[in-house]
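Engineer: Just dropping this structure here.
Protein chains: 2
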Amino acid sequence: MNRMPSGKSMHSSYLCGLDIGGTKMAATVADRNGPLARVTEPTAKSGTNRAPGEQAVALLKKACNDAGVNFDEVESVGVSSCGPFVKHQDLIQMVAPNICGGIGKQGDLPNTWTSVPLEEVLREHFRTVTIENDCVAALAAERAFGNLQDIASCAYVTWSTGIGFGLCVDGRLLRGKNGNAGHAGHMLMTDQSTAQCGCGNLGDVEALVSGRNLEMRYRRSPEELFNAARDGDAEAHTIVVEATRWFGRALFNVTTTLDISKFVIGGSIWQHHGDWLEPLVIHELSSHMPALTAGVTLSSPGLNAFVADIGALYLAMPEDWPIGWRESKPWKHMPPEKPECPGGK
Amino acid sequence: MNRMPSGKSMHSSYLCGLDIGGTKMAATVADRNGPLARVTEPTAKSGTNRAPGEQAVALLKKACNDAGVNFDEVESVGVSSCGPFVKHQDLIQMVAPNICGGIGKQGDLPNTWTSVPLEEVLREHFRTVTIENDCVAALAAERAFGNLQDIASCAYVTWSTGIGFGLCVDGRLLRGKNGNAGHAGHMLMTDQSTAQCGCGNLGDVEALVSGRNLEMRYRRSPEELFNAARDGDAEAHTIVVEATRWFGRALFNVTTTLDISKFVIGGSIWQHHGDWLEPLVIHELSSHMPALTAGVTLSSPGLNAFVADIGALYLAMPEDWPIGWRESKPWKHMPPEKPECPGGK
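Top to bottom, those sequences are chains A and B. The first sequence maps to residues 28 to 372 in our numbering. The second sequence maps to residues 28 to 372 in our numbering.
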């Protein structure tokens with residue numbers, strides 16, 4: 028991965044990281060020893076479409092203030108953001124249906140935005156801005172510090188409110204024409220389902236298995252549903268087993284397309300239930316084409332709940348910092364919070 | 028793409044190319060001005076599992092003889108082969124169900140092979156052996172010489188007897204842990220179909236749309252079926268429109284996974300019917316998530332029926348040859364033959 032865009036200073040003492048989700052935004056400032064301060068807020072969804080970018084700048088200023096860092100001296104920011112993205116005059120704009128009211132199909136957003144000019148606003152304050160899809164950033168972090176080190180062909184998957192993928196083949200993160208590689212949560216899996224995704228499609232992976240969609244269809248929170256299934260409630264168990272089968276099929280489709288050897292699975296559903304769901308997923312994944320799936324393994328993230336923050340920082344990080352972080356594992360000393368999930372929408 | 032493996036001579040005067048399909052094998056020898064001779068035979072399927080490799084060597088010797096080239100002086104061979112592959116002691120073996128009787132589900136093969144030691148046999152005769160999946164080789168050729176030049180994120184797809192993909196993201200061909208990236212023809216598209224693929228799966232892309240599967244289900248050759256549909260036969264038209272819809276969905280799934288901007292589509296079905304199928308495919312591809320599919324285009328191969336041969340040669344080609352080939356387009360002067368399709372099985 029090219030983590031050193033042209034113009035990037037190699038001598039910054041500090042850098043900023045942003046984790047932008049549909050629900051929450053987190054801003055972090057770090058030095059070469061690790062994160063110094065982190066502040067969060069619900070993601071802004073009213074005003075002009077510059078609001079999320081301006082909120083991000085304000086949060087980063089607050090984080091810098093908390094850490095005693097002069098914001099104006101920080102040259103680089105790494106951004107882990109929900110997508111998809113489009114490029115406008117070569118600058119990345121976010122077109123996420125859970126933030127932009129002019130795109131979303133649910134009609135519950137207090138704006139009519141059709142895009143958010145994220146890179147434009149951030150470039151007014153930073154010399155270097157590196158924006159990646161949240162699961163791509165998480166994948167980068169797991170490859171640098173976590174459970175995907177030295178795995179050339181691998182993926183990060185979040186099973187949470189939404190479903191997202193970050194993909195790496197032959198040692199290189201995949202981005203695609205607009206940085207949208209990894210939206211495999213929108214792969215169409217069946218034409219016989221009435222389950223509808225937030226994007227409007229019927230029967231895509233997210234419609235069939237995401238926490239948000241399971242909640243809409245079964246009127247129980249994902250936590251209640253998965254706990255009931257674990258405790259033996261027959262109806263909940265049937266629903267969860269079916270969702271798990273679709274999730275395993277999605278991993279199969281990605282494996283047969285990309286010849287992946289390992290998946291790290293994050294997100295609240297897997298974090299709490301991966302222990303008993305894993306054999307079901309492995310069974311579905313491995314029962315279709317053994318020549319392609321033999322030896323494929325699953326794992327939880329090595330960075331736990333901070334994979335998005337560390338991923339964002341890593342995107343902006345000078346090349347000589349990761350070695351020290353691999354040793355000191357600063358994410359282990361970050362203040363605990365309610366676990367959240369990159370890609371959660 | 029790394030076309031210069033270690034040990035590769037940069038000063039070879041000649042190089043060999045092999046196109047190995049489930050039906051036919053083609054051997055070509057070329058110099059820096061273009062192909063000099065080409066011979067073909069039905070792919071060997073009896074004897075020991077070394078037979079296809081030994082047949083390949085014999086055919087290459089014959090091609091060299093026809094061209095007045097000393098086989099023993101040729102150091103490099105590029106191989107475009109049907110897959111999947113496995114690696115055994117770091118050497119590529121072919122585990123294609125249409126060649127290996129110990130794997131195929133149809134029970135019509137005169138052998139019990141579970142693999143073909145292709146690289147091992149070829150390395151007994153060549154200093155450098157570069158083997159790629161046939162659609163990856165075709166993609167490499169289209170990127171070097173054809174209709175995918177300067178397209179960073181793109182794919183080659185064959186719609187023929189079988190369905191195969193070659194994938195390129197961010198300017199790099201995708202290979203995966205065993206060189207099997209691109210087997211997206213085995214993506215599962217529905218759980219409600221009784222259409223069975225040669226691999227045994229129900230409802231994968233190949234089961235739903237490949238020429239072989241359409242022929243098995245409707246007892247008409249793909250040529251008859253597609254011609255009847257074009258001529259307005261109502262039943263044939265319904266079948267073909269349905270298949271085309273699945274094909275478009277497969278392209279959508281690949282686009283949403285990899286953020287591709289252009290597909291080159293080869294194979295006999297597209298070659299003969301792409302003109303009227305293209306609007307149907309585009310409609311299905313573009314009706315699910317405009318943010319990801321806007322601007323995605325389709326095209327036929329620039330290298331026509333010789334894309335596999337040129338692809339194989341390109342894999343072994345010194346870095347200074349392609350410039351001349353782009354100018355002289357030697358594939359335009361190769362003797363015509365019945366069009367065949369990389370990935371055809």
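Glycine included, C-beta positions come from ideal geometry on N, C-alpha and C.
Quick one: what does DSSP say I292/A is sitting in, helix, strand or coil?
Structural biologist: strand
Engineer: Does Q176/B come within less than 7 Å of chain A when only Cβ atoms are used?
Structural biologist: Chain A, which has no Cβ nearer than 7 Å to the Cβ of Q176/B, makes this no.
Engineer: Tell me whether L157/B is buried or exposed, calling it buried when 16 or more other Cβ atoms sit within 10 Å of its Cβ.
Structural biologist: For the record, residue 157/B in the displayed sequence is Thr; it is not Leu. Classification of T157/B: buried, given that the 10 Å Cβ count is 16 or more.
Engineer: Please classify K51/B as buried or exposed, where buried requires at least 16 neighbouring CB atoms within 10 angstroms.
Structural biologist: exposed
Engineer: Run the CB neighbour count on I350/A, radius 10 Å, all protein chains shown included, and call it buried at 16 or more, exposed below.
Structural biologist: By the 10 Å Cβ count, I350/A comes out exposed.
Engineer: May I have a chain-ordered list of the beta strand (DSSP E) segments no shorter than 3 residues that lie completely inside the region 194-221 of chain A?
Structural biologist: Qualifying beta strand (DSSP E) stretches: none in this window.
Engineer: For the pair the region 285-297 of chain B and the region 205-214 of chain A, tell me if three or more CB-CB distances fall below 8 Å.
Structural biologist: yes
Engineer: Along the region 156-173 of chain B, what residues have a CB closer than 9 Å to any CB found in chain A?
Structural biologist: none
Engineer: Below 8 Å, can you find three or more Cβ-Cβ pairs linking the region 40-58 of chain B to the region 99-109 of chain B?
Structural biologist: yes
Engineer: Could you work out which residue in R77/A, G293/A, V308/A is closest to C127/A when comparing CA atoms only?
Structural biologist: R77/A
Engineer: From this set, D258/A, E81/A, V196/A, which residue's C-alpha is nearest S73/A's C-alpha?
Structural biologist: Of the candidates D258/A, E81/A, V196/A, the one whose C-alpha sits nearest the C-alpha of S73/A is E81/A.
Engineer: Within 10 angstroms of the Cβ of E367/A, are there 16 or more other Cβ atoms? Answer buried if so, exposed if not.
Structural biologist: Residue placement at E367/A cannot be trusted, given a pLDDT of 44 that sits under 50; what the coordinates show is reported in the next sentence. Counting Cβ neighbours within 10 Å, E367/A comes out buried, since at least 16 surround it.
Engineer: Around the Cβ of V268/B, are there at least 16 other Cβ atoms within 10 angstroms (buried) or fewer (exposed)?
Structural biologist: Label assigned to V268/B: exposed.
Engineer: Can you tell me where the alpha helix (DSSP H) holding H264/A begins and where it ends?
Structural biologist: 261-285
Engineer: Quick check: the Cα distance between S293/B and S327/B, rounded to an integer number of angstroms?
Structural biologist: Per the sequence shown, the amino acid found at residue 293/B is Gly instead of Ser. The straight-line gap from Cα to Cα measures roughly 6 Å.
Engineer: At a cut-off of 6 Å, is V122/A close to the ligand PLP when judged by its beta-carbon and the heavy atoms of the ligand?
Structural biologist: The model on display carries no ligand, and the ligand PLP is accordingly not part of it.
Engineer: What is the rounded straight-line gap between the Cα of D135/A and the Cα of C226/A?
Structural biologist: If you take the alpha carbons of D135/A and C226/A, they lie about 14 Å apart.
Engineer: For G193/A and D93/B, what's the separation of their Cα atoms in angstroms?
Structural biologist: The straight-line gap from Cα to Cα measures roughly 50 Å.
Engineer: Is the Cβ-Cβ distance between V308/B and T271/B less than 7 Å?
Structural biologist: yes
Engineer: Grab the span of the beta strand (DSSP E) containing W186/B for me, first residue to last.
Structural biologist: 181-186
Engineer: In chain A, which residues lie less than 7 Å from P111/B when you measure between Cβ atoms?
Structural biologist: Near P111/B (Cβ distances below 7 Å), the residues of chain A are A318, L319.
Engineer: From which residue to which residue does the alpha helix (DSSP H) around T320/B run?
Structural biologist: Segment 317-320, the alpha helix (DSSP H) holding T320/B.
Engineer: Mapping the DSSP letters down to three states, classify Y41/A as helix, strand or coil.
Structural biologist: coil
Engineer: Tell me the DSSP secondary structure of Q82/A in three-state form.
Structural biologist: Three-state DSSP puts Q82/A in a helix.
Engineer: Helix, strand or coil: how does DSSP classify G105/A here?
Structural biologist: strand
Engineer: Apply the 10 Å Cβ neighbour rule to S180/A and answer buried if 16 or more other Cβ atoms are within range, or exposed otherwise.
Structural biologist: buried
Engineer: Is A270/A close to chain B? Criterion is C-beta to C-beta, closer than 7 Å.
Structural biologist: no
Engineer: Do the CB positions of M214/B and N205/A come within less than 7 Å of each other?
Structural biologist: In this structure, N205/A does not lie closer than 7 Å to M214/B by Cβ.
Engineer: Within 7 Å (strictly less), CB to CB, does R154/B reach chain A?
Structural biologist: no
Engineer: Identify which residue in T75/A, R199/A, E100/A has its Cα closest to the Cα of A57/A.
Structural biologist: E100/A
Engineer: Can you name the residues of chain B whose CB is closer than 9 Å to the CB of Q219/A?
Structural biologist: Chain B residues near Q219/A: T217, D218, Q219.
Engineer: Mind listing the chain B neighbours of A211/A? Cutoff is C-beta to C-beta under 9 Å, in chain order.
Structural biologist: N280, T283, T284, L285
Engineer: Which chain A residues sit within Cβ distance under 7 Å of L201/B?
Structural biologist: V196, D197, L285
Engineer: Specify the secondary structure class of R353/B as computed by DSSP and reduced to three states.
Structural biologist: helix
Engineer: In terms of residues, what are the limits of the alpha helix (DSSP H) holding D258/B?
Structural biologist: Looking at the DSSP string, D258/B is not in any alpha helix (DSSP H), and its letter there is neither H nor E.
Engineer: Is it the case that the Cβ atoms of A277/B and V232/B are separated by a distance below 7 Å?
Structural biologist: yes
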